[in-house]
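Residue numbers (the numbering used here), protein chains in the order written: chain A, 6 to 374; chain B, 24 to 121.
Each residue gets a CB set at the ideal place from its N, CA and C atoms; glycine is no exception.
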Amino acid sequence: MRVSPLREIMLRNGAKFVERYGVETPSLFSDTATEYGYVRDTVGISDFSYMQKFSVPEESGVDFLDGLFAGNVARVRFGRILHTFLADDEGYLLADCYIANNDEEFIVLCESIVDDSELNAVLNRRGAKEAGLENLCDSHVVLGVDGYKAWAVVKEIFGSDVLGLPYLSIEVYPFEGGEVRLVRAGKTSEFGYLILAPVSLGGKLFDTLLKTARKYEGGLCGSDIHNDLRLEGRFFNIFAEGARVRDPLPLGLQWMIDFDKESFSGSGPIKERRERGVEKKVIGIQAEGDAEDLKPGSSVFDDSAQIATVEATCFSRALSSRIGLALFPASVAYSGLDFQLGEKGGCKIKTISMPPIMPKSLTVKLDEI
Amino acid sequence: MNPQMQAVIDNRVAIINSFKEELIKRLNLPYKPEDLHEDISLLGAGLGLDSLDALEIVLCVENCFGVKIPDENTNVLRSINTIVDYVIEQRAKEGSAQ
Numbered sequence: 006m007r008v009s010p011l012r013e014i015m016l017r018n019g020a021k022f023v024e025r026y027g028v029e030t031p032s033l034f035s036d037t038a039t040e041y042g043y044v045r046d047t048v049g050i051s052d053f054s055y056m057q058k059f060s061v062p063e064e065s066g067v068d069f070l071d072g073l074f075a076g077n078v079a080r081v082r083f084g085r086i087l088h089t090f091l092a093d094d095e096g097y098l099l100a101d102c103y104i105a106n107n108d109e110e111f112i113v114l115c116e117s118i119v120d121d122s123e124l125n126a127v128l129n130r131r132g133a134k135e136a137g138l139e140n141l142c143d144s145h146v147v148l149g150v151d152g153y154k155a156w157a158v159v160k161e162i163f164g165s166d167v168l169g170l171p172y173l174s175i176e177v178y179p180f181e182g183g184e185v186r187l188v189r190a191g192k193t194s195e196f197g198y199l200i201l202a203p204v205s206l207g208g209k210l211f212d213t214l215l216k217t218a219r220k221y222e223g224g225l226c227g228s229d230i231h232n233d234l235r236l237e238g239r240f241f242n243i244f245a246e247g248a249r250v251r252d253p254l255p256l257g258l259q260w261m262i263d264f265d266k267e268s269f270s271g272s273g274p275i276k277e278r279r280e281r282g283v284e285k286k287v288i289g290i291q292a293e294g295d296a297e298d299l300k301p302g303s304s305v306f307d308d309s310a311q312i313a314t315v316e317a318t319c320f321s322r323a324l325s326s327r328i329g330l331a332l333f334p335a336s337v338a339y340s341g342l343d344f345q346l347g348e349k350g351g352c353k354i355k356t357i358s359m360p361p362i363m364p365k366s367l368t369v370k371l372d373e374i
Numbered sequence: 024m025n026p027q028m029q030a031v032i033d034n035r036v037a038i039i040n041s042f043k044e045e046l047i048k049r050l051n052l053p054y055k056p057e058d059l060h061e062d063i064s065l066l067g068a069g070l071g072l073d074s075l076d077a078l079e080i081v082l083c084v085e086n087c088f089g090v091k092i093p094d095e096n097t098n099v100l101r102s103i104n105t106i107v108d109y110v111i112e113q114r115a116k117e118g119s120a121q
């Protein structure tokens, strides 16, 4: 099992851990209500070092990456990031990835539902060594800064020009005699940044981020609350619905794909399934009452006929109810319909439009600060 | 499926299909209508449309459905589904006003 280079620091700060696909990550520091409040109202600091991290020279890497990932890597401009996925040869998801064009290198950050050795094997089979792909998992940490006040924390540490970074962009900043790569990206629907730093700077970076976050009444967040935040904001979560459904088309991930590309890993089966038409779609649901039985694997019924399977759930604090994603036949995959959980008499389920919340961050215009 | 549920679906599908076709044409999106999941984020994440595109979306809604989205109502533009909800809501208000 791979552990974070910052594990001891996280442990000292009260982290509980969970293993996901051979990698350990801090899942909780305090409680989910507090950690939710950090992101939605102030700022949460997280250890995202569980991500698989790579760098590859731009010249040798562009064709390698473009032949692998579903999106168009060749069109990613300097300083910008592509959010796409890696699929297996059958066109089923392996990893959710950011690919950043950082001048003479590409930085690849992945959330994977296969362990490191399997992911590395896929990359090596496709020419990683020849392309000069360097694995940064042991040499680098990734720290996340997410929340309504995330911009204030990074501005204080890296300077006000960080406010000009558009969503899905990367920039290098000096820090404590070295350099870190700051990525503006996140999956909570609030402001978000990922900071890729060498291990030698990791401890100091963490201390600085946490100290600054606390000035804004922020704190530490684990992966548990990130799962809830992603669902509430309707950001794709490969660890939840992604791992259960695996097919990018019913998951609605067509926006991550360049269908005009000649090929990428899994492109043949994906394009065939697209031509045949998507038979099922993942859509949002909201339950009445406590709905303790609403969990992944639960069945949604239309009277006495099972019609859908629940793929992800969370308690939405913004809505004060349990919400989820369920896989419905495409013919009825629309919001505004009523079903129930289990056969007749089960709690009522309504299909809903997503995202169901309006994040505070959308009310802030960084260019006017 | 009961007729009431089918009516809700039919009403929604009609709006979704008109909007998607117009959106793809106006913004020259490299997708078929069925590629655009109704929950996909339109601005920033997801389709990654910018503020100029947002203006096009507002004009698209006005042209397709005769419904104006006020400038301050960026909440509506979160996804295709939230836009469709707004159109249905405004039509219902107009219907009850008449």
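One question on the structure: do residue i and residue j come within less than 8 Å of each other, judged by their Cβ atoms?
i	j	result
residue 57 of chain A	residue 117 of chain A	yes
residue 103 of chain B	residue 47 of chain B	no
residue 204 of chain A	residue 10 of chain A	yes
residue 130 of chain A	residue 69 of chain A	no
residue 34 of chain A	residue 226 of chain A	yes
residue 245 of chain A	residue 254 of chain A	no
residue 89 of chain A	residue 261 of chain A	yes
residue 81 of chain A	residue 106 of chain A	yes
residue 344 of chain A	residue 307 of chain A	yes
residue 121 of chain A	residue 7 of chain A	yes
residue 309 of chain A	residue 353 of chain A	no
residue 215 of chain A	residue 50 of chain A	yes
residue 263 of chain A	residue 32 of chain A	no
residue 139 of chain A	residue 109 of chain A	no
residue 361 of chain A	residue 194 of chain A	no
residue 150 of chain A	residue 84 of chain A	no
residue 35 of chain B	residue 65 of chain B	no
residue 271 of chain A	residue 126 of chain A	no
residue 90 of chain B	residue 113 of chain B	yes
residue 87 of chain B	residue 41 of chain B	yes
residue 296 of chain A	residue 327 of chain A	yes
residue 287 of chain A	residue 234 of chain A	no
residue 240 of chain A	residue 68 of chain B	yes
residue 102 of chain A	residue 113 of chain A	yes
residue 28 of chain B	residue 342 of chain A	yes
residue 104 of chain A	residue 174 of chain A	no
I think residue i touches residue j, with their Cβ atoms under 8 Å apart; what is that distance to the nearest whole Å?
i	j	result
residue 98 of chain A	residue 281 of chain A	Between residue 281 of chain A and residue 98 of chain A the Cβ distance is about 18 Å, and since that is not below 8 Å, they are no contact.
residue 177 of chain A	residue 167 of chain A	The pair is not a contact, with the Cβ atoms about 12 Å apart (cut-off 8 Å).
residue 269 of chain A	residue 74 of chain A	6 Å
residue 301 of chain A	residue 317 of chain A	6 Å
residue 337 of chain A	residue 32 of chain B	7 Å
Under three-state DSSP, which class holds residue i?
i	result
residue 30 of chain A	strand
residue 97 of chain A	coil
residue 22 of chain A	strand
residue 85 of chain A	strand
residue 231 of chain A	helix
residue 122 of chain B	As displayed, chain B neither begins before 24 nor continues past 121, which places residue 122 of chain B out of reach and without an answer.
residue 151 of chain A	strand
residue 193 of chain A	coil
residue 224 of chain A	strand
residue 256 of chain A	coil
residue 139 of chain A	strand
residue 381 of chain A	Any question about residue 381 of chain A goes unanswered here, given that chain A covers just 6 to 374.
residue 240 of chain A	coil
residue 107 of chain A	strand
Report all residues from its chain with a CB closer than 7 Å to the CB of residue i; omit the five preceding and five following residues, and keep chain order.
i	result
residue 141 of chain A	58, 59, 60
residue 211 of chain A	11, 14, 148
residue 304 of chain A	311, 314, 347
residue 105 of chain B	99
Identify, in the order they occur along the chain, each residue of the same chain with its Cβ nearer than 8 Å to the Cβ of residue i, setting aside the five sequence neighbours on each side.
i	result
residue 172 of chain A	189, 190
residue 19 of chain A	34, 35, 225
residue 40 of chain A	33, 34, 49, 224, 225, 226, 227, 229, 230
Which residues in the same chain as residue i place their Cβ atom closer than 6 Å to its Cβ, once the five residues preceding and following it in sequence are excluded?
i	result
residue 357 of chain A	289, 291, 340
residue 275 of chain A	96
residue 48 of chain A	152, 154, 155, 158, 218, 221, 223
Legend entry - Members of the stretch 93-121 of chain B that neighbour chain A once the beta carbon cut-off is set at 7 Å: 97, 98, 101, 102, 104, 105, 108
Inset, instruction - Compile a chain-ordered list of the residues in the stretch 235-252 of chain A whose CB is closer than 8 Å to at least one CB of chain B. - result: 239, 240
Legend entry - Residues from the stretch 176-199 of chain A in contact with chain B, defined by Cβ distance under 7 Å: none
Legend entry - Residues of the stretch 282-296 of chain A with Cβ closer than 9 Å to any Cβ of chain B, in chain order: 282, 283, 286, 287, 288, 289
Inset, instruction - Taking a Cβ distance cut-off of 9 Å, strictly less, list which residues of the stretch 48-60 of chain B are near chain A, in chain order. - result: 53, 54, 55, 57, 58, 59, 60
Legend entry - chain A contacts from the stretch 56-85 of chain B (Cβ-Cβ distance under 8 Å): 57, 58, 59, 60, 61, 62, 63, 64, 67, 68, 69, 70, 71
Legend entry - Residues, ordered as in the chain, of the stretch 139-160 of chain A that lie near chain D by beta-carbon distance below 7 Å: Structure shown: chain D not included; protein chains present are A and B.
Inset, instruction - Closer than 7 Å, Cβ to Cβ, to anything on chain B: give me those residues from the stretch 340-369 of chain A, in chain order. - result: 340, 341, 342, 358, 359, 360, 363, 367
Legend entry - Residues of the stretch 50-71 of chain A with Cβ closer than 7 Å to any Cβ of chain B, in chain order: none
Inset, instruction - Check distances from the C-beta atoms of the stretch 323-337 of chain A to those of chain B and list, in chain order, the residues that come in under 7 Å. - result: 337
Inset, instruction - Please list the residues of the stretch 26-38 of chain B that have a C-beta atom closer than 8 Å to any C-beta atom in chain A, keeping them in chain order. - result: 28, 31, 32, 35, 36
Legend entry - chain B contacts from the stretch 83-106 of chain A (Cβ-Cβ distance under 9 Å): 88
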